[in-house]
Amino acid sequence: MVRKKIELTDEPVDPGGQPETRTGEPLELGFFAWNIRGGMTMSKATLRNNDRERDFWKWPNSRRLVEQAEAIGFDYQVPFGRWVGSGGETDFNGAALDFLASAAATAPITSRMGLFSTCHITFKFHPLHIAKFGATIDHISNGRWGLNIVSGYQAQEMAAFGLDPISHDEAYEMAEEFTVLMKYLWTEPEPFDFEGKYYQSYGAVVEPRPTRRPRPVLMNAGMSTRGLTFGARNVDWIFTLAADLEGYRAKVDEAHSLAGKYNRSIRAATMSWVLPEATDELAQEKFEELRSEIDREALLGYARQLKGVDRWKDQESQELDDDPYAGLGREFYESYSLGFTSPQLVGSPETIAEKMRALHQEAGLESLLLCFEDPQKGLHTMEDDILPILRKMGLRR
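The opening position of the sequence shown corresponds to residue 37 in the working numbering, with each subsequent residue numbered one higher.
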């Protein structure tokens with residue numbers, strides 16, 4: 037019997053079409069970065085409340101957080117994918133639960149919310165690895181698993197896998213080929229052959245195939261036009277960042293326009309860093325405390341990782357050491373430390389709800405992936421105070 041051979045073309049590939057992703061909520065909410073030390077808060081102030089603000093990732097804590105997120109209505113959860121932390125006094129992101137194992141672990145303790153994994157495809161995973169792992173988790177969770185496809189951008193993490201950095205555009209070329217092969221592995225019922233520039237597969241088949249039809253939901257964090265183009269051609273959700281509402285609107289419009297050219301649909305979302313207090317004044321006071329104690333050594337470690345300087349081999353960069361903002365500039369230094377440059381939702385429940393409304397209605401974002409400075413407190417505040425306001429606004433059912 038001659039096996040089917042999959043041929044690459046210039047056109048986007050969606051065997052069987054795209055999966056339905058809508059939950060019925062006008063503004064969908066995700067629970068983000070619950071699996072990693074420090075989350076998105078790079079401040080030594082978190083050490084004073086370590087279990088709540090830094091080491092909430094430990095399974096007894098994070099299990100309860102995921103269960104609580106589902107109970108109060110969150111639509112999905114996404115772990116943050118990192119392989120090497122940034123150091124500093126906080127050991128920022130130095131410990132994390134794995135992206136695939138954590139999704140498998142959360143499947144039996146949840147029943148409704150989506151369960152995503154984040155995979156850096158340039159770190160030498162083969163599409164068959166992720167297709168099989170993902171189909172298994174999807175099977176266990178009854179069709180609730182999805183994949184966040186990341187090309188990988190950090191030189192130190194590439195080095196940890198024994199790899200040299202690759203260019204931005206080549207990473208997306210790899211990602212596209214990876215995604216095409218993975219889609220076929222999820223949809224072809226018989227073994228087939230595939231020969232690409234970066235990936236080859238001969239006689240592969242995945243059984244059981246995913247429960248969700250035609251395949252699991254795919255998303256990508258695309259910031260550049262090249263990233264948005266990859267998302268428009270290949271995935272169902274695009275997560276992006278911008279400096280303000282106008283910037284978000286431009287990114288969202290660009291993504292929809294690109295997807296339209298390929299006769300595909302795409303939905304737009306962003307992550308947000310959330311710091312709620314009873315009043316705006318109290319929230320600002322807490323924010324200033326965190327900002328005053330930014331873990332500079334962790335930022336310096338991150339800057340070295342971006343530049344490919346291996347801090348464990350004492351290859352120090354004097355330029356980075358001498359710069360108070362670690363070579364990143366003050367704006368990035370402060371915005372990355374507290375939220376990875378995402379929207380900072382700081383204030384009272386009313387203020388935070390209004391900021392969410394603006395991101396949805398004015399910027400066109402359909403989902404917010406929320407990371408809380410204190411996840412336990414943040415989820416309780418969402419349940420008791422913020423979600424009721426969002427319902428009155430018509431943003432949640």
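C-beta atoms are modelled at their ideal positions from N, C-alpha and C, and glycine is treated no differently. Keep in mind it's a predicted model, so treat the numbers as computed, not measured.
- Per DSSP, N178 lies in no alpha helix (DSSP H) segment and is marked neither H nor E.
- According to the DSSP assignment, H204 belongs to the alpha helix (DSSP H) that extends over 204 to 223.
- Straight across, the Cα-Cα distance linking P424 with G170 is about 35 Å.
- Cβ neighbours of V271 within its own chain (closer than 8 Å, five residues either side excluded): I185, T215, L254, M255, N256, I302.
- Here L136 has S153, F169 as same chain residues with Cβ atoms under 6 Å from its own Cβ, once five neighbours each way along the sequence are excluded.
- Y235 and D91 have their C-alpha atoms roughly 38 Å apart.
- Counted as a single uninterrupted DSSP element, the stretch harbouring A240 is not any alpha helix (DSSP H) but the beta strand (DSSP E) occupying residues 236 to 240.
- Taken through DSSP and simplified to helix, strand or coil, G66 comes out as strand.
- L217 and F230 have their alpha carbons spaced roughly 7 Å apart.
- With respect to the C-alpha of N178, the residue from Q320, M149, Q192 having the closest C-alpha is M149.
- By the neighbour-count definition (other C-beta atoms within 10 Å, threshold 16), G182 is a buried residue.
- C-alpha of L405 to C-alpha of S237: approximately 35 Å in a straight line.
- Under the DSSP assignment, M307 falls in the beta strand (DSSP E) whose first and last residues are 303 to 312.
- Taking C-alpha positions only, P115 is separated from M37 by approximately 43 Å.
- When the five nearest sequence neighbours on each side are left out, the beta carbons in the same chain lying within less than 7 Å of the beta carbon of F197 are those of F159, K160, in order along the chain.
- Pairwise C-beta distances place the stretch 258 to 266 out of contact with the stretch 56 to 67, as fewer than three of them are shorter than 8 Å.
- Excluding five sequence positions before and after E370, the CB atoms of its chain that fall closer than 8 Å to its own CB belong to R327, I330, given in chain order.
- Look at V102 here: in three-state DSSP terms it is helix.
- According to DSSP, N256 shares a beta bridge with I185, I274.
- Pairing L44 with V288, the inter-Cα distance amounts to about 28 Å.
- With a threshold of 16 other beta carbon atoms within 10 Å, P411 meets it and is buried.
- In this structure, the alpha-carbon of L426 lies about 17 Å from that of A399.
- The beta carbon of L395 sits closer than 8 Å to those of L281, Y284, T306, S308, P379, L401, L404, all from its chain and outside the five residues before and after it, given in chain order.
- In this structure, DSSP gives E402 a state outside helix and strand, which the three-state scheme calls coil.
- Between the alpha carbons of D127 and H292 lies a gap of roughly 39 Å.
- The three-state reading of DSSP puts T77 in strand, counting E and B together.
- Here H165 is exposed, its C-beta having fewer than 16 other C-beta atoms within 10 Å.
- The criterion of a C-beta distance shorter than 7 Å is satisfied by P55 and R248.
- Cβ contact annotation for R73 (same chain, cutoff 8 Å, sequence separation greater than five): R90, D91, W93, G121, T126, D127, F128, N129, G130, A131, A132, in chain order.
- Here the alpha carbons of W222 and N71 stand approximately 27 Å from one another.
- For the set K219, F368, E226, P385, the Cα lying nearest the Cα of L336 is the one of F368.
- In the structure shown, E324 falls within a helical segment according to DSSP collapsed to helix, strand and coil.
- When DSSP reads this structure, T265 sits in no beta bridge, so it has no partner.
- Per DSSP, Y284 is one residue of the alpha helix (DSSP H) stretching across 281 to 297.
- In this structure, the straight-line span from the alpha carbon of R433 to that of Q397 is close to 16 Å.
- C-alpha of L415 to C-alpha of E106: approximately 10 Å in a straight line.
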